[in-house]
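Report on the structure given below.
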């Protein structure tokens, strides 16, 4: 089993994410992360799906996704074929701010993005392993809340959305 990133280029129609996720549900496959966003072309969106399966299964998934009428193109890459990041936010009580926590923040290249009277919010951008490592450390500092985005990725291979919509 390997981790794959599936890219789906689509028009922005109501229910498109539901139709895509049903394909995974019917096959009993868990989606590790899902991100949807606009592309640089108006009206065209991209869905990025992270999944851990074997190659035959990812090929079947991509072929099934491409059968959806509103999907322009679907394709996949192994981790080595993409540049990707995730963003994580951590809410920490102000009362826990001390020299030790400052050192942790610096060592992990995290930054404080909000400071309120009762808490601060830290941000870390990186791979899941990096954001998970900081999460485990911050649990010892009274972590109040944690949220991590799905994978945001681009393929290393030179592909353009225009090449799919011509």
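Residue numbers (our numbering): 195 to 360.
In this text, a Cβ means the ideal position worked out from N, Cα and C, and glycines have one as well.
Owing to the predicted nature of the structure, the values given are computational and were not obtained by experimental measurement.
Margin query: Here's a check: name, in chain order, each residue in its chain whose Cβ is nearer than 8 Å to the Cβ of residue 211, leaving out the five neighbours to either side.
Written below: 228, 230, 241
Item checked: For residue 261, three-class secondary structure by DSSP -> Coil at residue 261, not helix or strand.
Check: Which value, in whole angstroms, describes the spacing of the CA atoms of residue 204 and residue 295?
Finding: The straight-line gap from Cα to Cα measures roughly 43 Å.
Next item on the list: Mind checking which residues open and close the beta strand (DSSP E) that includes residue 320?
Entry: In the DSSP assignment, residue 320 falls within the unbroken beta strand (DSSP E) covering 313 to 320.
Check: Contact between the segment 302 to 319 and the segment 255 to 266: three or more CB pairs below 8 Å?
Finding: With the cut-off at 8 Å, the segment 302 to 319 and the segment 255 to 266 do not touch.
Checklist line | For residue 217 and residue 259, the rounded distance between their alpha carbons | finding: Taking the straight line joining both Cα atoms gives about 7 Å.
Checklist line | Beta-carbon contacts of residue 337 that lie in its chain and below 8 Å, excluding the five residues immediately before and after | finding: 284, 285, 286, 329
Next item on the list: Report the three-state DSSP secondary structure of residue 330 (helix, strand or coil).
Entry: helix
Item checked: Length at least 3, wholly inside the segment 219 to 260: the beta strand (DSSP E) runs in chain order -> Runs of the beta strand (DSSP E) inside the segment 219 to 260: 227 to 232, 238 to 247.
Notebook entry, point to check: The alpha helix (DSSP H) spanning residue 299 covers which residue range?
Noted result: 293 to 301
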